[in-house]
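**Student:** Per my numbering, residue 968 is the first one in the sequence shown, and the count goes up by one each step.
My structure is below; once you've seen it, I'll send some questions.
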Amino acid sequence: MTAIAYCFVNAMESEASAIARGLRRRDPDLLDRLIEQYQHRLLRYLVYLSGNRELAEDLFQETWIRVLERGHQYDGKHEFSSWRYGVARDVTIGYLRKKRPVSLDGLMEDERHAPLEPADTRPMAWEVVQQHEQAERVSAALVSIPAEYRETVVLRFQDGLALDEIATVIGAPLGTVKSRLYRGLNLLMSRLKGAQA
């Protein structure tokens, strides 16, 4: 391992260890920094997972409360983002089990609750309009695929998690993650081709 790679790995390990120590101490400043750093990605994940912006905001708050309550369980040996996604997923599944008996696999099949991308408060430049329209087509197509595939696609391509991290988050074997990703991408591509026709 080169010296640069060693320093990078060592810095990441020490950051994860520092987060673990801070969570065990229930450090409010650390929690503020973590919320600021991860809020947009986590909220977007929850919007796609729950299918409802208002519900996602409630789940977002509950996730951070759970992170604070169960911070002692984070060992610092894995990426904090993977652990945090797992907490968010557990909170969402727990809520859905209590409120409506629907499995995560059947989540969002009701088109009335199409998820919205969290709004960006910055003004958009004219050059980005085409990219925005493309993103809307992808988002609409993404909503139309089953939740188990959508979740894997969102975690991989929007949140940039590695396949093994996704397996940790959803609690499934790596082969299942690969299969869901493959099927999800095929469904997404067919929906996008159908939308262009």
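Even for Gly, the Cβ is constructed at its ideal location relative to N, Cα and C.
So, helix, strand or coil for R1079, using DSSP?
**Tutor:** Walking along the sequence shown from the start, residue 1079 turns up at place 112. For R1079, the pLDDT reaches just 49, beneath the cut-off of 50, and the residue's location in the model is therefore unreliable, leaving the point undetermined.
**Student:** Tell me which same chain residues have a C-beta within less than 7 angstroms of the C-beta of Y1116, skipping the five on either side of it?
**Tutor:** Indexing the sequence shown from 1 puts residue 1116 at position 149. These residues qualify, in order along the chain: R1147, R1150, G1151, L1154.
**Student:** Do Y1005 and R1051 come within 8 angstroms of each other at the CB atom, strictly closer than that value?
**Tutor:** One-based indexing of the sequence shown puts residue 1051 at position 84. One-based indexing of the sequence shown puts residue 1005 at position 38. Closer than 8 angstroms, so yes.
**Student:** Using the C-alpha atoms, what's the distance from A1134 back to L1128?
**Tutor:** Here residue 1128 is taken as the residue at index 161 of the sequence shown, counted from 1. Here residue 1134 is taken as the residue at index 167 of the sequence shown, counted from 1. Going from the Cα of L1128 to the Cα of A1134 covers about 10 angstroms.
**Student:** Hey, quick one: how far does the alpha helix (DSSP H) through S1111 stretch, first residue to last?
**Tutor:** Residue numbering aside, residue 1111 sits at position 144 when the sequence shown is read from its first letter. Here S1111 belongs to no alpha helix (DSSP H), and DSSP marks it neither H nor E.
**Student:** Can you give me the start and stop residues for the alpha helix (DSSP H) that H1039 sits inside?
**Tutor:** Your numbering for residue 1039 matches position 72 in the sequence shown. Segment: none, H1039 is in no alpha helix (DSSP H) and carries neither H nor E.
**Student:** Between R1104, L1013, V1136, which has its C-alpha nearest M1156's C-alpha?
**Tutor:** What you label residue 1156 is simply residue 189 of the sequence shown in a count that begins at 1. Answer by Cα proximity: R1104.
**Student:** So for G1142, helix, strand or coil by DSSP?
**Tutor:** Residue mapping note: residue 1142 aligns to position 175 of the sequence shown, counting from 1. G1142 falls in the helix class under three-state DSSP.
**Student:** Are the beta-carbon atoms belonging to E1003 and E1132 less than 8 angstroms from one another?
**Tutor:** Start at 1 with the first residue of the sequence shown, and residue 1003 comes out as number 36. Start at 1 with the first residue of the sequence shown, and residue 1132 comes out as number 165. The answer is no: Cβ separation not under 8 angstroms.
**Student:** By how many angstroms is the C-alpha of G1061 removed from the C-alpha of V1136?
**Tutor:** Translated into positions along the sequence shown, residue 1136 becomes position 169. Translated into positions along the sequence shown, residue 1061 becomes position 94. V1136 and G1061: Cα-Cα distance of roughly 15 angstroms.
**Student:** For L1141, which of T1119, V1054, L1009, G1038 has the nearest alpha-carbon?
**Tutor:** For this step, residue 1141 is matched to residue 174 along the sequence shown. It is T1119 whose Cα lies nearest to the Cα of L1141.
**Student:** Measuring only the C-alpha atoms, how far is S984 from K1145?
**Tutor:** Against the sequence shown, residue 984 aligns to sequence position 17. Against the sequence shown, residue 1145 aligns to sequence position 178. Roughly 29 angstroms separates the two Cα atoms.
**Student:** Please identify the residue among G1161, D1042, R993 whose C-alpha is closest to the C-alpha of S981.
**Tutor:** For this step, residue 981 is matched to residue 14 along the sequence shown. Ranking the options by Cα distance to S981, first place goes to D1042.
**Student:** Going by beta-carbon coordinates alone, are L1026 and V1058 separated by less than 8 angstroms?
**Tutor:** Translated into positions along the sequence shown, residue 1026 becomes position 59. Translated into positions along the sequence shown, residue 1058 becomes position 91. Contact flag set, yes.
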